[in-house]
Each structure stands twice: as C-alpha cells, then as structure tokens.
Amino acid sequence: MDQFAALTAFVQTVECGGFTQAARRLGQSKSLISRQVAQLEAQLGARLLQRTTRKLSTTEAGQAYYQRAHRILADLAEASAEIGQLQSMPRGKLRISAPMSFGVLHLTPALPRFLESCPELEMDLALTDRFVDLVEEGFDVAVRIGRLADSSLIVRRITPIRRVLCASPAYLARCGHPQRPADLAHHACLGHLEMGSSEWRFLTADNGLETVRVSCRFRAGNGEALRTMALAGLGFVYLPSFFIGADLRAGTLVSVLDQYVPQDSALYGAYPHGRHLSAKVRVFLDFLQTAFGSAPWD
Numbered sequence: 016m017d018q019f020a021a022l023t024a025f026v027q028t029v030e031c032g033g034f035t036q037a038a039r040r041l042g043q044s045k046s047l048i049s050r051q052v053a054q055l056e057a058q059l060g061a062r063l064l065q066r067t068t069r070k071l072s073t074t075e076a077g078q079a080y081y082q083r084a085h086r087i088l089a090d091l092a093e094a095s096a097e098i099g100q101l102q103s104m105p106r107g108k109l110r111i112s113a114p115m116s117f118g119v120l121h122l123t124p125a126l127p128r129f130l131e132s133c134p135e136l137e138m139d140l141a142l143t144d145r146f147v148d149l150v151e152e153g154f155d156v157a158v159r160i161g162r163l164a165d166s167s168l169i170v171r172r173i174t175p176i177r178r179v180l181c182a183s184p185a186y187l188a189r190c191g192h193p194q195r196p197a198d199l200a201h202h203a204c205l206g207h208l209e210m211g212s213s214e215w216r217f218l219t220a221d222n223g224l225e226t227v228r229v230s231c232r233f234r235a236g237n238g239e240a241l242r243t244m245a246l247a248g249l250g251f252v253y254l255p256s257f258f259i260g261a262d263l264r265a266g267t268l269v270s271v272l273d274q275y276v277p278q279d280s281a282l283y284g285a286y287p288h289g290r291h292l293s294a295k296v297r298v299f300l301d302f303l304q305t306a307f308g309s310a311p312w313d
C-alpha cells in the first residue's frame with residue numbers, strides 16, 4: 016500500500032464528505048479512493064469511517080487519526096513549498112515596515128543595490144515609528160530595533176545596536192557630568208514617546224538592572240527630533256548610536272556613563288508565524304545581514 020496516497024485519500028474523503036467528491040478532487044476513480052481507505056483501515060486494524068447509504072462520518076478512532084493525518088500532510092506540503100521557494104527567484108511585491116529614522120539614514124540608501132539584484136521584485140516601504148501589526152496591515156516583513164518579545168513573529172537577529180547616553184558639550188558645561196545613573200533625576204532629559212520615556216534602565220555594579228525615573232522636558236516619537244534638541248543643549252538623550260554616531264565622532268555630542276548603559280538592543284528582521292519563508296523575504300533578510308553586519312555600528 017502507498018501510505019502517502021492512502022493518507023491523502025482518507026483525509027480528502029473526510030473533508031469532502033464522501034468518496035465521490037474526494038475522487039473528483041483528486042482526479043481519481045471512486046473505487047480507487049474507497050480501496051485505499053479500506054486498505055488503510057485493514058493495516059491499522061480499526062474502522063475509520065462509518066458508512067451508511069445516506070452519509071459517511073468518522074468514527075472516534077477515525078476522527079483522532081484524521082487530526083494527525085491532516086497535520087502530517089500539511090507539514091509535508093509546507094516543506095515542499097519551502098524547498099520550491101528556496102529554489103525560485105524572488106518575485107512579486109515585498110511590503111516592508113521599518114522605523115522612520117533608521118529607514119531614512121541607513122536602510123533606504125542601501126536598497127538600490129538590493130533591488131538591482133532582484134529585477135522581478137517590487138517593493139513597498141512604509142517608514143513609521145509606531146507599532147505595526149504585520150498580519151492585520153499586510154506586511155511581509157518588518158525591520159525592528161530593541162528587545163523583541165512578540166511571540167507572534169519569527170525573528171532573525173541581524174546585528175547588535177549600541178545605545179548611548181549623551182548630551183552636548185554646552186549642556187555638560189552648564190549642568191555638569193552625572194557620576195552615576197541616579198544623578199539623572201536632577202538633569203534635563205529628552206524622552207522617546209514609544210520607549211517608556213520617563214524610566215531609563217542602567218546596569219548596576221553587579222550587572223543587575225536599575226531603573227531611573229527621569230524628568231523629560233521634551234518628548235518626541237522620533238529619534239531625529241530628540242537628536243536635534245540634544246544638539247541644541249536641552250538635555251540628555253538615550254539613543255541607538257546609528258542616530259548620533261557622526262555627532263559623537265565630531266564632538267558635538269558627548270557620551271557619559273558608558274559603563275552603566277546595557278547593550279541589549281539589536282536590529283531584527285521579523286515576519287509572521289504561520290507563513291512560509293518566501294524567497295522574497297528570505298533574500299531581504301539575507302541582504303540585511305550582509306548590509307549591516309554582525310558587530311555594533313553607527
């Protein structure tokens with residue numbers, strides 16, 4: 016007996032409600048489908064289907080076997096689809112969500128060579144700092160920064176993201192350097208609306224975490240806006256270095272408390288559970304890995 020063919024015949028018979036409909040769906044004869052199911056029952060030593068002149072239904076054993084068989088066939092189909100996709104060229108439309116500042120400063124400048132390498136691919140890029148529901152809003156993949164805890168997504172860690180606490184030389188000359196995280200409670204700080212702007216986390220002497228409540232005179236939902244305010248001397252910002260790397264090198268911003276800043280942030284590519292890793296998503300994740308490397312960068 017062809018086990019795969021028998022499983023397929025049984026599952027289709029249950030889902031179609033009869034041998035005739037299953038045979039039509041599979042493009043085979045009714046007698047062949049009936050014989051395959053009978054052989055399967057004989058091999059298992061259990062009746063799977065209850066047959067009457069009017070209808071066909073599963074027995075208790077048949078229902079339990081159907082659940083397992085359906086899952087097995089679905090897994091095989093998914094595996095076959097994945098292998099086929101791995102061998103195919105990326106094509107169609109790729110819908111990407113990415114953070115605004117990272118997208119403008121780093122992702123978009125790198126995209127021309129990606130599109131040149133995938134001539135059959137179209138792209139929609141949505142740059143936003145709000146949380147995006149990939150399934151609800153129809154995105155194939157998201158570029159995300161931070162610590163991800165969303166179990167509904169499959170994620171690939173692309174590279175570490177270095178975080179920095181810094182202020183302008185003018186602000187530090189006017190207000191002084193903090194010596195420990197708790198000192199920030201007495202300083203002006205600039206907070207991100209989406210990142211718990213009034214509570215900042217720091218390392219303790221024993222590598223634990225300490226939360227410091229800070230006073231944020233200015234808050235914004237965009238890192239570039241916070242950078243602008245910090246350069247103007249309005250207070251401390253707590254940002255990934257890709258926003259401010261050039262400013263740190265130029266000395267227009269100065270980092271402080273480096274030994275207390277936890278480096279637990281990263282750049283991720285994420286896509287929804289339950290979807291095949293399509294060729295277009297796979298090559299985009301590979302591109303992110305190549306473009307942004309495996310070490311902290313600015």
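For the sequence shown, our numbering gives the first residue as 16, with consecutive numbering after it.
We put the CB at the ideal spot given by N, CA and C, even for glycine.
Which residue from the options puts its Cα closest to that of residue i?
i: residue 194; options: 221, 273, 40, 140; result: 273
i: residue 268; options: 80, 133, 115, 188; result: 188
i: residue 43; options: 23, 109, 30; result: 23
i: residue 82; options: 65, 29, 192; result: 29
i: residue 151; options: 87, 167, 72; result: 167
i: residue 254; options: 223, 230, 216, 220; result: 216
i: residue 177; options: 286, 256, 196; result: 256
i: residue 51; options: 299, 17, 139, 154; result: 17
i: residue 265; options: 202, 184, 203, 248; result: 184
i: residue 224; options: 206, 245, 192, 197; result: 197
i: residue 205; options: 218, 133, 112, 245; result: 245
i: residue 130; options: 87, 112, 55, 107; result: 107
Alpha carbon to alpha carbon, how far is residue j from residue i? Give it in angstroms, no decimals.
i: residue 303; j: residue 62; result: 53 Å
i: residue 160; j: residue 233; result: 22 Å
i: residue 35; j: residue 77; result: 19 Å
i: residue 281; j: residue 37; result: 50 Å
i: residue 21; j: residue 97; result: 24 Å
i: residue 296; j: residue 258; result: 26 Å
i: residue 137; j: residue 59; result: 50 Å
i: residue 226; j: residue 179; result: 16 Å
i: residue 270; j: residue 139; result: 36 Å
i: residue 326; j: residue 91; result: Past the edges of the chain, shown from 16 to 313, lies residue 326, and the structure says nothing about it.
i: residue 222; j: residue 252; result: 22 Å
Could you check what DSSP says for residue i in three-state terms: helix, strand or coil?
i: residue 120; result: helix
i: residue 146; result: coil
i: residue 195; result: coil
i: residue 175; result: strand
i: residue 15; result: The first residue shown for the chain is 16 and the last is 313, placing residue 15 beyond what the model contains.
i: residue 135; result: coil
i: residue 208; result: coil
i: residue 20; result: helix
i: residue 189; result: helix
Within its chain, find whatever has a CB closer than 8 Å to the CB of residue i; leave out the 5 residues flanking it on each side and keep chain order.
i: residue 41; result: 23, 24, 27, 48
i: residue 127; result: none
i: residue 200; result: 227, 228, 229, 230
Can you list, in chain order, the residues of its chain with a C-beta nearer than 7 Å to that of residue i? Leave out the 5 residues immediately preceding and following it.
i: residue 172; result: 281, 283
i: residue 307; result: 173, 174, 282
i: residue 31; result: 37, 40
Within 8 Å of any Cβ in chain D, is that where the Cβ of residue i sits?
i: residue 282; result: Protein chain content of the structure displayed is limited to a single chain, and chain D is not contained in it.
Leaving out five residues on either side along the sequence, give the residues of the same chain with a beta carbon under 6 Å from the beta carbon of residue i.
i: residue 85; result: 26
i: residue 248; result: 183, 185, 186
i: residue 238; result: 116, 254, 258
i: residue 300; result: 171, 284
Hey, which unbroken runs of the beta strand (DSSP E) at 3 residues or more fall wholly within the stretch 230-293?
Runs of the beta strand (DSSP E) inside the stretch 230-293: 230-235, 252-255, 280-287.
What ranges does the alpha helix (DSSP H) occupy inside the stretch 22-98, keeping only unbroken runs of at least 4 residues that lie completely in it?
With a minimum length of 4 residues, the continuous alpha helix (DSSP H) runs that stay inside the stretch 22-98 are 34-41, 45-59.
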